[in-house]
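What follows is a set of notes on a single structure, which appears directly below.
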Amino acid sequence: PACQCSDMEVHKAVILLCLFLFTDVLEAYIKTDGAWIVKLPKSQYTVKTVEDCAVKCNKETSFTCRSFLYIEKDQDCVTLPANSKTDQILRRISAALYEKKEYLLECVNGIGTDYRGTKSKTKLGKTCQRWEGTFPHVTKYTITPKTHPKADLESNFCRNPDGDKGGPWCYTTDPEKRWEHCDIQDCTEECMQCSGENYRGKISTTASGFTCQRWDSQKPHNHGYIPSALPDKYLEENHCRNPDGEPKPWCFTTSPSKRWESCSIPRCTTEPPTIVPELTCASGEGSSYRGTIAVTVSGKTCQEWSSQSPHKHSRTPENYPCKGLDENYCRNPDNERSPWCYTTDPETHWEYCSVPSCGDQLRPEEPVIPEGEECYEGDGSSYHGAMSETVSGKKCQFWTSMEPHRHSKTPQNFPAADLRRNLCRNPDGDRAPWCYTTDPTVRWEYCNIERCDSKPSTQEPPTNPTEPAASQSTSQETDCKVGNGETYRGPTSTTIVGVTCQAWSSMTPHQHASFTPETHPDKGLESNQCRNPDNDVNGPWCYTTDRNKNFDSNVKPKRCFGRIVGGCISKAHSWPWQISLRTRGKIHFCGGTLIDAQWVLTAAHCLERSESPSAYKILLGIHTERATESSKQERDVSKIIKGPAGTDIALLKLDRPALINDKVLPACLPEKDYIVPSNTECYVTGWGETEETGGEGFLKETGFPVIENKVCNSPAYLNGLVKEHEMCAGNIGGGTDSCQGDSGGPLICYSQNTFVLQGVTSWGLGCAKAMKPGVYTRVSKFINWIERSMKEN
Numbered sequence: 001p002a003c004q005c006s007d008m009e010v011h012k013a014v015i016l017l018c019l020f021l022f023t024d025v026l027e028a029y030i031k032t033d034g035a036w037i038v039k040l041p042k043s044q045y046t047v048k049t050v051e052d053c054a055v056k057c058n059k060e061t062s063f064t065c066r067s068f069l070y071i072e073k074d075q076d077c078v079t080l081p082a083n084s085k086t087d088q089i090l091r092r093i094s095a096a097l098y099e100k101k102e103y104l105l106e107c108v109n110g111i112g113t114d115y116r117g118t119k120s121k122t123k124l125g126k127t128c129q130r131w132e133g134t135f136p137h138v139t140k141y142t143i144t145p146k147t148h149p150k151a152d153l154e155s156n157f158c159r160n161p162d163g164d165k166g167g168p169w170c171y172t173t174d175p176e177k178r179w180e181h182c183d184i185q186d187c188t189e190e191c192m193q194c195s196g197e198n199y200r201g202k203i204s205t206t207a208s209g210f211t212c213q214r215w216d217s218q219k220p221h222n223h224g225y226i227p228s229a230l231p232d233k234y235l236e237e238n239h240c241r242n243p244d245g246e247p248k249p250w251c252f253t254t255s256p257s258k259r260w261e262s263c264s265i266p267r268c269t270t271e272p273p274t275i276v277p278e279l280t281c282a283s284g285e286g287s288s289y290r291g292t293i294a295v296t297v298s299g300k301t302c303q304e305w306s307s308q309s310p311h312k313h314s315r316t317p318e319n320y321p322c323k324g325l326d327e328n329y330c331r332n333p334d335n336e337r338s339p340w341c342y343t344t345d346p347e348t349h350w351e352y353c354s355v356p357s358c359g360d361q362l363r364p365e366e367p368v369i370p371e372g373e374e375c376y377e378g379d380g381s382s383y384h385g386a387m388s389e390t391v392s393g394k395k396c397q398f399w400t401s402m403e404p405h406r407h408s409k410t411p412q413n414f415p416a417a418d419l420r421r422n423l424c425r426n427p428d429g430d431r432a433p434w435c436y437t438t439d440p441t442v443r444w445e446y447c448n449i450e451r452c453d454s455k456p457s458t459q460e461p462p463t464n465p466t467e468p469a470a471s472q473s474t475s476q477e478t479d480c481k482v483g484n485g486e487t488y489r490g491p492t493s494t495t496i497v498g499v500t501c502q503a504w505s506s507m508t509p510h511q512h513a514s515f516t517p518e519t520h521p522d523k524g525l526e527s528n529q530c531r532n533p534d535n536d537v538n539g540p541w542c543y544t545t546d547r548n549k550n551f552d553s554n555v556k557p558k559r560c561f562g563r564i565v566g567g568c569i570s571k572a573h574s575w576p577w578q579i580s581l582r583t584r585g586k587i588h589f590c591g592g593t594l595i596d597a598q599w600v601l602t603a604a605h606c607l608e609r610s611e612s613p614s615a616y617k618i619l620l621g622i623h624t625e626r627a628t629e630s631s632k633q634e635r636d637v638s639k640i641i642k643g644p645a646g647t648d649i650a651l652l653k654l655d656r657p658a659l660i661n662d663k664v665l666p667a668c669l670p671e672k673d674y675i676v677p678s679n680t681e682c683y684v685t686g687w688g689e690t691e692e693t694g695g696e697g698f699l700k701e702t703g704f705p706v707i708e709n710k711v712c713n714s715p716a717y718l719n720g721l722v723k724e725h726e727m728c729a730g731n732i733g734g735g736t737d738s739c740q741g742d743s744g745g746p747l748i749c750y751s752q753n754t755f756v757l758q759g760v761t762s763w764g765l766g767c768a769k770a771m772k773p774g775v776y777t778r779v780s781k782f783i784n785w786i787e788r789s790m791k792e793n
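1 is the number of the first residue of the sequence shown in the UniProt record's numbering; add one for each residue after it.
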């Protein structure tokens with residue numbers, strides 16, 4: 001009796017078992033959002049869940065089901081005999097493509113009777129004959145698709161239908177050789193092709209025997225290789241990987257005394273993947289360029305890759321065997337933004353080369369685009385702005401690139417669509433600008449751009465600001481906020497990154513009790529529209545339907561997208577947390593960031609001229625260094641609190657709180673110990689030295705990627721000078737950077753689905769120098785200190 005279960009317990013157990021089985025059925029598939037295959041034959045079903053669709057595919061009898069499409073909104077299921085290796089993948093926003101892993105695997109288990117890959121050449125390089133073919137070898141009375149219906153004898157792919165102990169084989173197209181075995185790697189063989197960029201094995205020990213640290217862990221070593229932010233790098237568990245162009249896979253170790261080390265993985269004996277050489281131009285980042293240009297953008301001759309003079313390096317033909325490092329030709333062996341080379345000039349380590357872009361005549365040294373557009377008209381077909389980011393924050397894939405998504409939307413096929421670099425465009429007349437993403441699991445998304453006619457109106461506030469806007473008009477023309485939007489009653493119900501809002505009365509996916517129609521009956525919380533029930537300084541917000549994101553606001557900077565040094569003049573007041581730190585004589589000398597109505601974060605080295613708060617002035621709400629704007633707010637400093645010894649961070653308390661409005665807003669702080677993922681795009685603003693790049697006297701901005709400390713501390717860059725509580729960001733080739741006068745200012749990064757203050761401008765070796773990125777104090781390492789200091793003072 002003690003072991004008997006109640007009916008309710010049995011019911012729960014059955015539900016759990018069903019959930020387990022449904023979850024398990026999807027383990028055999030790889031999902032890609034936004035992907036679609038048009039293929040006949042096909043079967044179409046109406047199902048309730050994606051798991052039901054997987055079951056339909058597994059039980060398909062009309063053909064061999066290799067994938068299925070699922071449209072959740074319509075509960076539509078389409079089973080297919082095709083996958084991304086055999087057919088063209090198209091775009092469809094509402095669809096998700098699920099492909100069986102076994103048909104994507106290009107290695108064999110055992111003797112390979114279950115091999116379903118696409119190898120179609122024998123060990124001696126002979127092309128396979130189609131299984132249903134009769135020339136040059138008649139196969140009618142031996143092995144055919146009809147005699148072996150379960151062996152997947154389609155096309156001319158290598159298979160093992162008869163259990164041959166030698167593994168997969170095929171009939172050949174050579175009249176003198178009836179059949180031959182194929183050379184396919186064993187799935188249990190731990191080896192790497194080329195430099196291991198695509199290594200997906202499970203070795204998790206370094207060359208010296210250290211155990212690898214999990215990629216999703218920050219202990220014992222903090223790092224920026226975040227699996228969720230770098231899905232194309234396959235940073236699984238603690239397996240050795242090569243996410244940054246090293247000669248071989250590596251990992252951070254579990255030893256506090258050894259930050260990282262390479263792994264000992266032998267090279268595979270099978271042939272590496274073939275590429276189509278580009279001899280006259282470079283597509284995307286130029287990894288396939290095999291032309292003979294050997295001169296840099298400044299006219300310097302390239303050093304031979306096999307030589308160590310005048311520059312020592314690791315980019316040798318031995319370390320990078322698949323990258324075409326012949327003689328001294330310009331190449332891109334390590335995922336730089338275009339082909340480059342070491343130079344024969346002892347004073348210049350390396351430079352980019354003047355290699356024409358295929359269908360895109362932009363050069364690396366040129367601005368990506370002139371003055372950017374902030375919005376698009378109509379369907380965005382005429383949009384020519386510089387956005388390269390999707391609604392969910394994903395980076396766009398280059399239009400000329402076929403990685404990670406193969407496609408036909410190239411500059412050659414759409415010459416009038418302005419498909420430059422990885423900029424958001426609408427080449428096919430979709431409803432808005434879009435791009436393919438660099439996330440292998442998300443084929444494409446719409447871009448993070450507003451329609452011009454849906455932007456907030458600049459009209460005067462209503463005569464009665466307490467009257468809900470919805471009672472006046474709910475049209476797009478009046479869908480705007482007054483001040484911080486406390487009285488906003490408009491229809492917007494999506495966040496700035498396109499996530500749908502959760503209803504205020506709902507407790508799923510996020511439980512909350514503070515803001516409901518019952519607790520705040522006069523705040524307009526009847527549905528799921530953006531509201532500001534707590535008078536948040538950032539404006540209207542909502543809980544989201546994304547279970548990984550609790551809430552989001554509807555505020556974002558307006559970027560100028562130009563090429564501070566090499567940057568561009570900011571849109572006025574688009575970085576409302578930027579302050580100017582000045583002498584009593586009101587001369588600007590450093591920047592800072594408003595993080596609370598009465599607190600500013602800056603660099604400690606900006607305060608070396610005096611320990612007295614009375615020596616400083618702070619100006620807020622300005623765009624020009626002359627500070628003649630009517631929006632200007634001026635404050636004295638009442639207290640200086642410097643960070644822990646050996647750090648370059650300080651807090652300044654204002655003599656009275658700033659007046660918060662749309663031109664003066666605090667910046668968001670990051671989570672404690674949050675590490676910004678490698679390659680995240682960040683932005684620096686300031687009135688500092690421009691080194692004759694223009695824009696003197698105006699707030700300037702520039703954008704560049706975060707560089708992981710492992711890379712930044714390498715001998716070729718900053719050679720171990722960057723500490724754990726600091727971070728690097730910059731263009732490795734130089735050209736844009738923070739400089740004198742920008743110190744103490746913000747490094748704002750788009751991460752955690754919003755713009756967050758991640759760094760304080762600290763130091764660098766020169767301004768905008770190649771191989772010398774800027775160094776910033778990592779704000780997430782000081783959250784406890786910031787909160788404690790503000791609370792106690």
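Beta carbons: idealized from backbone N, C-alpha and C, even for Gly.
Q | Buried versus exposed call for Leu659 [16 or more other C-beta atoms within 10 Å across all chains shown] | A | Residue mapping note: residue 659 aligns to position 659 of the sequence shown, counting from 1. Under this definition Leu659 is an exposed residue.
Q) Where Gly774 and Ile569 are concerned, what is the direct C-alpha to C-alpha distance, given to the nearest angstrom? A) The residue you call residue 774 lines up with position 774 of the sequence shown. The residue you call residue 569 lines up with position 569 of the sequence shown. Rounded to the nearest angstrom, the two C-alpha atoms are 20 Å apart.
Q.
Assess contact between the stretch 64 to 84 and the stretch 387 to 396, defined as three or more Cβ pairs (one per stretch) separated by less than 8 Å. Is contact present?
A. no
Q: Give the secondary structure of Met790 by DSSP, where H, G and I count as helix, E and B as strand, and everything else as coil.
A: Taking the first residue of the sequence shown as position 1, residue 790 is located at position 790. Reduced to three states, the DSSP call for Met790 is helix.
**Q.** Beta-carbon contacts of Val576 that lie in its chain and below 6 Å, excluding the five residues immediately before and after
**A.** Within the sequence shown, residue 576 is the residue found at index 576, counting from 1. The sequence shown places Pro at residue 576, not Val. Once the five neighbours on either side are set aside, the close Cβ partners of Pro576 are Lys663, Val664, Leu665.
Q) Could you give the distance in angstroms between the alpha-carbon of Glu526 and the alpha-carbon of Ser505? A) Looking up residue 526 in the sequence shown gives position 526. Looking up residue 505 in the sequence shown gives position 505. One C-alpha to the other measures close to 7 Å.
Q. So what does DSSP say about Trp785, is it helix, strand or coil?
A. One-based indexing of the sequence shown puts residue 785 at position 785. Three-state result, Trp785: helix.
Q. If you follow the alpha helix (DSSP H) that Ala54 is part of, which residue opens it and which one closes it?
A. What you label residue 54 is simply residue 54 of the sequence shown in a count that begins at 1. Unbroken alpha helix (DSSP H) run through Ala54: 50 to 58.
Q: With DSSP as the reference, label Lys710 as helix, strand or coil.
A: Indexing the sequence shown from 1 puts residue 710 at position 710. Lys710 falls in the helix class under three-state DSSP.
Q | Classification of Ile37 by the beta-carbon crowding that lies within 10 angstroms, buried from 16 upward | A | Here the question's residue 37 lines up with position 37 in the sequence shown. The residue is buried, with at least 16 neighbouring Cβ atoms inside 10 Å.
Q | Cβ-based neighbour list, Lys85, same chain, cut-off 6 Å, excluding 5 preceding and 5 following | A | Working through the sequence shown from its first residue, we reach residue 85 at position 85. Excluding sequence neighbours, Lys85 sits near Thr118.
(Q) Buried or exposed, going by whether 16 or more other CB atoms sit within 10 Å of the CB of Thr777? (A) Residue mapping note: residue 777 aligns to position 777 of the sequence shown, counting from 1. Looking at its Cβ environment, which holds 16 or more other Cβ atoms inside 10 Å, Thr777 is buried.
**Q.** At least three beta-carbon pairs within less than 8 Å, the stretch 94 to 113 to the stretch 25 to 34
**A.** yes
**Q.** Helix, strand or coil at Val391 [DSSP, three-state]
**A.** The residue you call residue 391 lines up with position 391 of the sequence shown. Val391: coil per DSSP, three-state reduction.
**Q.** Validate contact between the stretch 267 to 277 and the stretch 202 to 210 using beta carbons, cut 8 Å, 3 pairs
**A.** no
Q | Start-end ranges of the beta strand (DSSP E) lying completely within the stretch 218 to 290, minimum 3 residues | A | 250 to 252, 260 to 262
**Q.** Limits of the unbroken beta strand (DSSP E) element including Tyr45
**A.** Your numbering for residue 45 matches position 45 in the sequence shown. Looking at the DSSP string, the run of the beta strand (DSSP E) that includes Tyr45 is 43 to 46.
Q | Ile786, buried or exposed, once every other Cβ within 10 Å from all chains shown has been counted against 16 | A | Position 786 of the sequence shown holds residue 786. By the neighbour-count rule (16 or more Cβ atoms within 10 Å), Ile786 is buried.
Q: Going by DSSP, name the residue or residues bridged to Glu180.
A: Sequence index remark: in the sequence shown, residue 180 carries index 180 (1-based). Glu180 pairs with Cys170.
Q.
Measuring alpha carbon to alpha carbon, tell me which residue in Asp52, Val295, Leu423 is nearest Glu72.
A. Locating residue 72 in the sequence shown gives position 72, counting from the first residue. That would be Asp52, whose Cα lies nearest to the Cα of Glu72.
Q) Among Glu634, Cys435, Thr144, which residue has its Cα nearest to the Cα of His407? A) In the sequence shown, counting from the first residue as 1, residue 407 sits at position 407. Out of Glu634, Cys435, Thr144, Cys435 has the C-alpha closest to the C-alpha of His407.
Q.
For a test of the three-state rule: what should DSSP assign to residue 795, helix, strand or coil?
A. Shown here, the chain extends from 1 to 793; a query on residue 795 therefore has no answer.
(Q) Which of the three DSSP states is assigned to Glu450 in this structure? (A) What you label residue 450 is simply residue 450 of the sequence shown in a count that begins at 1. Strand at Glu450.
Q) For Thr134, which beta-bridge partners are listed by DSSP? A) Residue 134 sits at position 134 when you count from the first residue of the sequence shown. In the DSSP output, where bridge partners are listed per residue, Thr134 has none listed.
Q) Exposed or buried, Glu327, counting other C-beta atoms within 10 Å across all chains shown (16 or more means buried)? A) One-based indexing of the sequence shown puts residue 327 at position 327. Classification for Glu327: exposed.
Q) Expressed to the nearest angstrom, what Euclidean distance is found between the alpha-carbon atoms of Arg159 and Tyr383? A) Here residue 159 refers to the residue found at position 159 when the sequence shown is read from its first residue. Here residue 383 refers to the residue found at position 383 when the sequence shown is read from its first residue. Taking the straight line from one Cα to the other gives about 49 Å.
Q | Option nearest Arg626 by Cα separation, candidates Glu351, Phe589, Pro644 | A | Position 626 of the sequence shown, counting from 1, holds the residue named residue 626. Ranking Glu351, Phe589, Pro644 by Cα distance to Arg626 puts Phe589 first.
Q | Span of the beta strand (DSSP E), counted from its first residue to its last, around Trp434 | A | For the purposes of this step, residue 434 is taken as residue 434 along the sequence shown, with counting starting at 1. Trp434 -> beta strand (DSSP E) spans 434 to 436.
Q. What is the DSSP secondary structure of Leu26, counted as helix, strand or coil?
A. Stepping through the sequence shown from its first residue, residue 26 is reached at position 26. DSSP places Leu26 in helix when its eight states are reduced to three.
(Q) With a threshold of 6 Å on Cβ separation, who are the neighbours of Glu371 within its own chain once the five nearest residues in sequence on each side are excluded? (A) Locating residue 371 in the sequence shown gives position 371, where the first residue counts as 1. With a pLDDT of only 45 at Glu371, under 50, the local geometry of the prediction cannot be trusted, and the value read off the model is given with reservation. Excluding sequence neighbours, Glu371 sits near nothing in its chain.
(Q) Suppose the cutoff is 7 Å on Cβ atoms and the five residues either side in sequence are ignored; what does the same chain contact list for Pro243 look like? (A) Indexing the sequence shown from 1 puts residue 243 at position 243. These residues qualify, in order along the chain: Tyr225, Leu230, Lys233, Leu235.
Q: Give the DSSP-derived three-state secondary structure of Ser780 in the structure shown.
A: Your numbering for residue 780 matches position 780 in the sequence shown. Correct three-state label for Ser780: helix.
Q. Are Glu285 and Asn222 close, meaning C-beta to C-beta below 8 Å?
A. As a working mapping, residue 285 is identified with position 285 in the sequence shown. As a working mapping, residue 222 is identified with position 222 in the sequence shown. It is not a contact, given that the beta carbons lie outside the stated cut-off.
Q) Is Leu40 buried or exposed, if buried means 16 or more other CB atoms sit within 10 Å of its CB? A) Taking the sequence shown and counting its residues from 1, the one referred to as residue 40 is at position 40. Answer is exposed; the Cβ neighbour count stays below 16.
Q. With DSSP run on the structure shown, which of helix, strand or coil describes Tyr103?
A. Counting from 1 along the sequence shown, the entry for residue 103 is found at position 103. Note: Tyr103 maps to helix in three-state DSSP.
Q. Taking DSSP as the reference, what is the three-state secondary structure of Ala615?
A. Taking the sequence shown and counting its residues from 1, one reaches residue 615 at position 615. Three-state DSSP puts Ala615 in a helix.
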